[in-house]
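First up is the structure itself, then whatever we jot down about it.
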Amino acid sequence: MLGKITKSAMATAIMVSTLVSGAYAATEITLWHAMSGRNGEMVSEIADRFNKSQDQYQLKTLNKGGYEDTMTAGIAAFRAKQAPDIIQIFDAGSATIINAKGAVYPVQSLMEDNDIVFDSEDYIPGVRNFYADSQGKMIGLPFNSSTPLLYYNKEAMKAAGITQPPKTWEEFEIMAPKLKSAGYTAMAQSHSAWIFTENFHSRHNLPMATDNNGFDSTDVKILYNNDQLKMHWSKVKQWLDNKYYGYYGRAWGDNQDAFVQKKVAMWLGSSGSFGNLRKTADFDFGTTYLPYWQSITSSPKSTFIGGGALFSFSGHSKDRYKGAAEFYKFLTKPEIQLLWHKETGYVPITNAAYDLAKKTGYYKEAPDAEIGILQLSQETGDWSKGYRLGYYVQIRESLYKNYEQILSGDVSVDSAFNSIERESNKLLARFNKTYQ
Amino acid sequence: MQKAQFHQGVSPYLFVAPQVLIILVFFIWPAGQAIYQSFLLEDAFGLHSEFVGFLNYRDIFSDPEYLDTAVFTLLFAATVTFFSLTIALLLAVQANSVIRGAGSYKTLLMWAYAIAPPAAGLMGNLMFSPLIGDFYALINASGIDFNHHQNGSDAIFVIVLIAVWKQISINFIFFLSGLQGISNSVTEAARIDCPSTIKRFWTITFPLLAPTTFFLLVINTTYAFFDTFGIIDVTTRGGPGASTNTLIYKVYKDGFLGADLGSSSAQSVILMFLVLALTVFQFRFIEKKVHY
C-alpha cells in the first residue's frame, strides 16, 4: 500500500517538475543583498517587475543580513564555488572585492560584452567614481547611494529662536547654547567614520590617504592625522562636555532615536533615512547640507556617496551574465530609479532619473528629498570622488575606538590620532602585502 | 575463575565511529584549517595566497591592543565565573532549605536558562539605554553619572551583570541537584557534631559539592570566553573605546567583518591554545583537590 502511494507520488512529482521546467525555460540568476525593512521590500518589488518585464530570466533575490554579513556570505560562497550572480557590497568593503583580482566581472565590461550601451557619464558625478578604477572604468554598479545630511527639528529651532539651520560649524556653535536653554541637546550623529571623518575630508577638500585616496595603488598611507580633523574632534569633545552634543553609542539607530524622541534638535544621518524618519518622527523636520568649517574653507565641496554597489562574480556562464546585464539595464531605467528614490530616499544614480524626478514635480511636493542629490551635485574638489582603502572595515573600527576614547576623556586628541594613524597604516600595509 | 573475554571484531569501532566522525568533521578539520590559514596571507576570495610563516602571529603579538584584549578577557572570564558560581551556590543552598513553595522558587530561578545570550543582551541593553532605560534613569537619579555607551567601566559592569545573570540559572540547577545528592545520614550526623551552620557548610557540604563545583568551573570558564559573544555583540560591540573587546569578539571582527582571514585564524589558534592551557591547568591542579 505504502509502496503504491510513494510510487504514484513520485510519478506525479516527476510530471509536475517536467511541466514546471517546461513552463519556465528561464535562466535563473541570483542577487544577494543587505537591504531590510522598506528597502528590502523594494528590492523584491524591482525584481518582480524585472521578471514580469521579460521571460528569459528569472531573478531571485535573497537578503543575507547586514552589509558585513552579506559580504562574508559572498566570500564563503565564492570560495565554495557557489557564488551568486550578483552581490551587493558596501562602500567600506569595496576595496576588498575590487582588489581581489579575478573575483569580479567589471560591470562596464559586462555591459559592453553583452552589447548594452554603457556610458559612465550617464551617472551623476558623486556616484560615478566611487566604484570605478583609477582610469574611471566602472567595476561595480552603484545601487543604493546615500549621502550624509543634517536633519533638524523645526519646533526645537523655533523654541530656541533660530530661524535657519546652521550652514557652518561656526554658526552651530552660536546656536548650540540657545538650544540647550530651550531644553535640547543641540546635535547627535550616527556614523563617526562616515560623517565626521570621510565626508569631512570631501567637504573640506582634504585628502584622506596618499596615492589619490588609495585609487592608484594599495601601497598607501592614511592622512587622518591632520590639524583640521584634530581641530574638529577637539571641538566635538568640547561640545560633549558642554552638553551640546549627544553620543548614544555606535549603533546607528540609537542616535537616530534620540532625534525622533526630541532629545536632540539636530541629527546628522543619511539621505536614505528620510523615508523612515517621515514615518517615525511626530514633528515637523527639515533637511539641509552637511555643515563645514568656515575657518577651513569658504567654498565647501560636494560630499561623496555611502551605501553599496552591485558586483557580478566571475566564473558564471555567458547566458547568466547576459541575464545580469539585462537586469542592470532594467535597474538603471529612469522610471525604476525614480521608484527606488521615492520609496527609499536613496539618490537616483543617473542624470536621466534625476531629470525625470524634477520633471514629474516630485521635488515640489517633497523639497527635502532633493537635498541629498543637490549636495552630491555641488562643485567637486580634488578629493570628492571617494576612497579605495583596504581593510577599511577595521580602520573604521580603529576610528570608532579612538573617538570613543576622546569622548570619554581617556586619551587626548593628539594621542588618539597618533593611534589612528599607526593602526590604520599597519592595516593598510597588511592589505598591500596580501593583495599586491 | 575464568575471565570474561570479548572477541574484538569491528563492532566496537563501529560504535565509536559516529562520535569520532563528529569530532573529525566539526573539530579537527576546522581547527586544522585555522592552523593552516594562520600561516598564510590570502585575499578574502582565496584567489592568491602566500605562505608567510609566523608573520600573522608576529603582527598580533606586536599589537598593544591585542595584549590589552587578552588581559581584559582573562579578567572578564574570572569575574563572570566567580560571581555566577558564588551567587548560584548561595541561591541553591537557600532554595534547598526552603520547605514551603520550594517548587516555585526553583522554577523561577531556573527560568533565565531558557534565554539565549543575545536575547539577554538585548534586554540588558534596553534596561540601560540612555533613552528609555529604567536602570539608566534609576542609577543616574541616585547621583551617579552612568552611561555604558561612553564610559568603559560602566560598559564592563553592564556586560558582566548580564553574563552573570544569564549563567546563574544553569549553575543553580547543578548546585541544587548536587546538594540533593548529599545523603541525609551525612548531614544529620554532622548536625549532631557541629551546631554552626556555616562551619557545617564549609567542612561537610562544600567538599561534597566539589565535583559539581569543579565541573561548573570548567564549563563557566568556557562560557565566559566564548558564549558571552552574543551579549557583547548586542550591547557594546566591544566599545566604548576597546573596553569590552574580548578575544573571541576580536576574532569575529577581524575575520567575519573585516575579511582578514590570516590574522583572524591566527587569533583563533592562540585562543584555542589559551583555553586548552587553562583547562589543562584546571584538571592538573584544581581537580587534585576534588574528592569524588
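Chains as they are written, first to last, in our numbering: chain R, 510 to 945; chain H, 583 to 874.
Quick reminder that beta carbons are idealized off the backbone N, C-alpha and C, glycines included.
None of the values given here were measured: they were computed from a predicted structure.
**Study point:** At least 3 beta-carbon pairs within less than 8 Å: the stretch 625-644 of chain H vs the stretch 845-860 of chain H
**Key:** yes
**Study point:** Beta-carbon proximity of residue 920(R) to residue 746(R), cut-off 8 Å
**Key:** no
Check your understanding: Counting along the chain, where does the beta strand (DSSP E) carrying residue 597(R) start and finish?
Key -> For residue 597(R), the enclosing beta strand (DSSP E) has its first and last residue at 595-599.
Point to revise | Secondary structure of residue 728(H), DSSP reduced to three states | key: coil
Review point. Buried or exposed: where does residue 947(R) fall if 16 or more other Cβ atoms within 10 Å of its Cβ makes it buried?
Key: Since the first and last residues shown for chain R are 510 and 945, residue 947(R) lies out of range.
Review point. Of the choices 599(R), 838(R), 624(R) and 592(R), whose alpha-carbon is the least far from that of residue 575(R)?
Key: 599(R)
Practice item. Anything in chain H within Cβ reach of residue 605(R), meaning under 7 Å, just list it in chain order. Key: 626 and 841
Check your understanding: In chain order, what residues of the same chain have a beta carbon less than 6 Å from the beta carbon of residue 847(R), not counting five sequence neighbours either side?
Key -> 862, 865 and 866
Review point. At least one CB of chain R closer than 8 Å to the CB of residue 749(H): is that the case?
Key: no
Check your understanding: When the Cβ atoms of the stretch 744-751 of chain H are set against those of the stretch 812-830 of chain H, are three or more pairs found closer than 8 Å?
Key -> yes
Review point. For chain H, is any of its Cβ atoms less than 8 Å away from the one on residue 820(R)?
Key: no
Exercise for review: Check whether the Cβ atoms of residue 612(R) and residue 587(R) lie closer than 8 Å to each other.
Suggested key: yes
Check your understanding: Is residue 867(H) buried or exposed, if buried means 16 or more other CB atoms sit within 10 Å of its CB?
Key -> exposed
Review point. Who does residue 651(R) pair with in a DSSP beta bridge?
Key: DSSP lists 818(R) as partners of residue 651(R).
**Study point:** Integer Cβ distance of residue 817(H) from residue 703(H), believed to fall under 8 Å
**Key:** Contact between residue 817(H) and residue 703(H) holds: their C-beta atoms lie close to 5 Å from each other, under 8 Å.
Practice item. Give a yes or no on whether the C-beta atoms belonging to residue 753(H) and residue 678(H) are separated by under 8 Å. Key: Not in contact: residue 753(H) and residue 678(H) (Cβ atoms no closer than 8 Å).
Check your understanding: Taking 8 Å as the CB-CB cut-off, is residue 916(R) touching chain H?
Key -> yes
Review point. Which first and last residues belong to the beta strand (DSSP E) in which residue 572(R) is found?
Key: 566-572
Exercise for review: Measuring only between beta-carbons, confirm whether residue 733(H) sits less than 8 Å from chain R.
Suggested key: yes
Point to revise | Rounded Cβ spacing between residue 898(R) and residue 937(R) (contact assumed at less than 8 Å) | key: 7 Å
Exercise for review: Using three-state DSSP, classify residue 638(R) as helix, strand or coil.
Suggested key: coil
Exercise for review: Could you pull out every unbroken alpha helix (DSSP H) segment of at least 4 residues lying fully inside the stretch 611-693 of chain H, listed in chain order?
Suggested key: 611-619, 637-643, 646-679 and 684-692
Practice item. Tell me, please, whether the CB atom of residue 822(H) is closer than 8 Å to any CB atom in chain R? Key: yes
Check your understanding: For the beta strand (DSSP E) that residue 662(R) lies in, which residues bound it at each end?
Key -> 657-662
Review point. Taking Cβ positions only, does residue 942(R) come closer than 8 Å to chain B?
Key: No chain B appears in this structure, whose protein chains are R and H.
Check your understanding: residue 765(H) to residue 825(H), Cα distance in whole Å?
Key -> 47 Å
Review point. Should the stretch 694-709 of chain H be regarded as contacting the stretch 786-798 of chain H, the criterion being three or more beta carbon pairs within less than 8 Å?
Key: no
Practice item. Just list the beta strand (DSSP E) runs in the stretch 782-845 of chain R, keeping only unbroken ones of 3 residues or longer that don't cross its boundaries, in chain order. Key: 794-797 and 815-822
**Study point:** Integer-rounded CB distance, given that residue 639(R) should sit under 8 Å from residue 895(R)
**Key:** 4 Å
Practice item. For residue 717(R), name the three-state secondary structure that DSSP assigns. Key: coil
**Study point:** Residue nearest to residue 778(R) in terms of C-alpha spacing, selected from 772(R), 771(R) and 786(R)
**Key:** 786(R)
Practice item. Flag this pair as yes or no: are the beta carbons of residue 662(R) and residue 810(R) separated by less than 8 Å? Key: no
Point to revise | Simplified DSSP assignment, three categories, for residue 537(R) | key: strand
Exercise for review: Name the two residues that bound the continuous beta strand (DSSP E) containing residue 779(R).
Suggested key: 773-779
Point to revise | Among 840(H), 808(H) and 858(H), nearest to residue 700(H) - alpha-carbon criterion | key: 808(H)
Practice item. Using a threshold of 8 Å, state whether the C-beta atoms of residue 715(R) and residue 734(R) are closer than that. Key: no
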